[in-house]
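Structure first, then comments.
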Amino acid sequence: MRNSRSNFRYNPGFKRSALALSACLASLASQSQAAQIDLGDSEWRLRWDNTIKYSQAWRLHGADDKLINAPTAGGLYPSIQSQGDRNFSRGLVSNRLDLFSEMDLSRENYGLRISGAAWYDDIYNQDTDDSANPHFLDDTRELHGRDAELLDAFVFLRGNVGDSSQGTLRLGRHSLIYGESLFYGGNGIAAAQGPTDVVKLLSVPGTQFKEILRPVNQMSGQLQINPQLSVGAYYQFEWERSNLPGAGSYLSDNDGIGEGSGDWTQVFGNTTVHASDIEARNSGQGGMQLRYKPDGTELELGFYAAQYHDKAPSALYAYLDGAAAAATGLPILGAYRQVYAEDIKTVGVSFSTAYGPFNFAGETSVRWDAPLVSNLQVVTPGTAADNSGDALYAKGKTAHVNLSTIYLLPPNALWDGGSVLAELAWNRTLSVTENRAALDSNTTRDATALRVLAEPAYFQVADALDVSVPMGFGVVLDGRSSAVSKSGFGNTHAGDWSIGLKATYLQRWDFGVNYVNFFGKTGAGLREDGNFSYAQSLADRDFVSVYVKTTF
């Protein structure tokens, strides 16, 4: 068991390594101004960029008794909501090194792109601060503490199609986004396009949705028929789940979902094993769009249709141990599984226009066969339970609206420039078509949320130094969404606010510090009756983070 982080302790060996790396980076940055690699007289062009980032984060408050001693979830499980709280004392909660590498090779109108990431976080490679559970689960340690992954890996082709059209085709691992969502992509058309990095979203509130989309293997194309009209389509060859916080990680509030979610101990003393999850199939996901800009206007319209599978758990199934239940007379649950819904259909329309320094955009969409927010479903012996024809969770038809604006700050006495982004999101469950009894009874028909990000900028504060001050605010204004999970929409009358400082030196070095506060009525995510509480389950996990990064 390591010492409490209330003393803001660090690993000296890791610090020495980070300092040595920083010195190496300074040398590289001073010697290398460009990432373009000379291939001689070849018609091929090669660009290779590497970004190294070192960051730390500190917890500002100790654990709240309301969260670590929350009521027994569903009356069955005493501690599945508090491990992320118990694992971290006040002090250092992340000590991380990241490498992001990207390479683009092209010739005339075709080429390829490959990118990847690797990371190491000293904190997740030690013991936790919880003496009762001193070790991080293996999957959590890997997701947050040490891993590498391939991101983009695709070939592309672009060129003329006929006399007046231009087309682009991409094949391989890549991401794309349809619609006009800024922040609430999970409430929009963009929910169909791919898995997301929720870990990044919680760590940096206010991150735009396009920045948390993760690549998958797919084919996509775009055809610009004329200056007013374009069409696009994609088909995905694989399904991947979203990156949710690993069970027991700092921003995790439920040990039953996400990577590392392990076995549970019931109040009766038995163990409920995490069995293999019911994942979605790799086929059956695709979509299309049509974009039209009326001649002589600033208006652009979009029309969309897609089918997709849920990337976050749609429900949890818990399997009754028939023999044990019969012998004891108690609801003994032998195993549980996370379930991901298949074959969700959506259609939508969007608009975008500009007026002076403002850009206004919006979209509305409808979903069929959509999973609704449901309670844990107990599966009795002999009962069929899957993620399609024999689903036990509630399904229905839902409506979604996102309205957004981007405002470019004009230079004045208060700032040199910058921007303000805002988005209002609303959803409604139009009808429940299957398993109404499974619907969480604490949800509401409608829900509305708002997020704003303002970032005034100051140029040449000192020689070659630019500075900006990002300020973010997000809140669920009304309702407890039954149409979108709280990981995609939020808790009622709760949210987050943040303020930071960013600096760029010589257009090559980036520095930043950020404070994040989670506000709202404090409470665990699950109530004792098994319904979601929609309270602020991260109320005691305010944090400050700092980083430095460079690209060479």
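First residue of the sequence shown: 322, per my numbering; consecutive thereafter. Virtual Cβ for every residue (Gly too), placed ideally from N, Cα, C.
- Excluding the 5 residues flanking it on each side, Leu729 has same chain C-beta neighbours closer than 7 angstroms at Pro678, Ser740, in chain order.
- Excluding five sequence positions before and after Tyr826, the CB atoms of its chain that fall closer than 7 angstroms to its own CB belong to Ala785, Leu786, given in chain order.
- Between the segment 762-773 and the segment 792-804, the count of Cβ pairs shorter than 8 angstroms is three or higher; the stretches touch.
- Leu550 sits in a strand when the DSSP states are folded into three classes.
- When C-alpha distances from Asp863 are compared across Asn838, Thr871, Ile498, Arg848, the shortest belongs to Asn838.
- Shortest Cα-Cα distance from Ala656 to any of Asp850, Val687, Val699, Tyr629 involves Val699.
- Among the bridge pairs identified by DSSP, Lys666 is matched with Gln628, Trp689.
- Per DSSP, Ala648 is one residue of the alpha helix (DSSP H) stretching across 643-649.
- Under DSSP, Leu367 shares a beta bridge with Ile358, Leu426.
- Counting the other CB atoms within 10 Å of its CB gives Gln781 a total below 16, which places it among the exposed residues.
- If you ignore the 5 residues before and after Thr674, its C-beta comes within less than 6 angstroms of the C-beta of Glu619, Leu620, Phe681, all in its own chain and listed in chain order.
- Distance from the CA atom of Ile389 to the CA atom of Gly821, rounded to whole angstroms, is 29 angstroms.
- In this structure, the beta-carbon distance from Ser570 to Asn408 falls below 9 angstroms.
- Of the residues assessed, Asp576 falls on the buried side of the cut-off, its CB having 16 or more other CB atoms within 10 angstroms.
- For the segment 510-565, the continuous beta strand (DSSP E) assignments of 3+ residues that do not extend past its boundaries occur at 537-547, 550-557, in sequence order.
- According to the DSSP secondary-structure assignment, Phe794 is paired through a beta bridge with Val773, Trp818.
- Collapsing the DSSP output to three states places Ala469 in a strand.
- Contact annotation: Ile510 and Leu522 have beta-carbon atoms that are not nearer than 9 angstroms.
- Apart from the 5 residues on each side of it in sequence, Lys531 sits with its Cβ closer than 7 angstroms to the Cβ of Ile498 in its chain, given in chain order.
- In this structure, DSSP gives Gly577 a state outside helix and strand, which the three-state scheme calls coil.
- A buried status is given to Gly717, since no fewer than 16 other beta-carbon atoms sit within 10 Å of its beta-carbon.
- For Thr449, the secondary structure class from DSSP, reduced to helix, strand or coil, is coil.
- Just so you know, the alpha carbons of Leu490 and Val869 end up roughly 36 angstroms apart.
- Contact between Val865 and Trp379 holds: their C-beta atoms lie close to 5 angstroms from each other, under 8 angstroms.
- Taking Met609 as reference, the option from Phe672, Ala662, Phe624 with the minimal CA-CA separation is Phe624.
- Judged by DSSP secondary structure, Gln698 falls within the beta strand (DSSP E) whose first and last residues are 698-700.
- Here Lys387 carries a helix assignment [DSSP, helix/strand/coil].
- Taking the CA atoms as reference points, Ser502 sits about 11 angstroms from Phe672.
- By DSSP's assignment, Asn481 forms a beta bridge with Gln487.
- Counting along the chain, the unbroken alpha helix (DSSP H) around Gln404 starts and ends at 404-407.
- The straight-line gap separating the alpha-carbon atoms of Tyr640 and Lys614 is approximately 53 angstroms.
- Contact annotation, Gly581 with Asp443: C-beta distance approximately 18 angstroms; criterion of less than 8 angstroms not satisfied.
- The three-state secondary structure of Arg848, taken from DSSP, is coil.
- Separation of Tyr714 and Gln857 (C-alpha to C-alpha, rounded to the nearest whole angstrom) is 24 angstroms.
- Leaving aside the five residues that flank Glu600 on each side, the residues in its chain whose CB is nearer than 6 angstroms to its CB run, in chain order, Tyr661.
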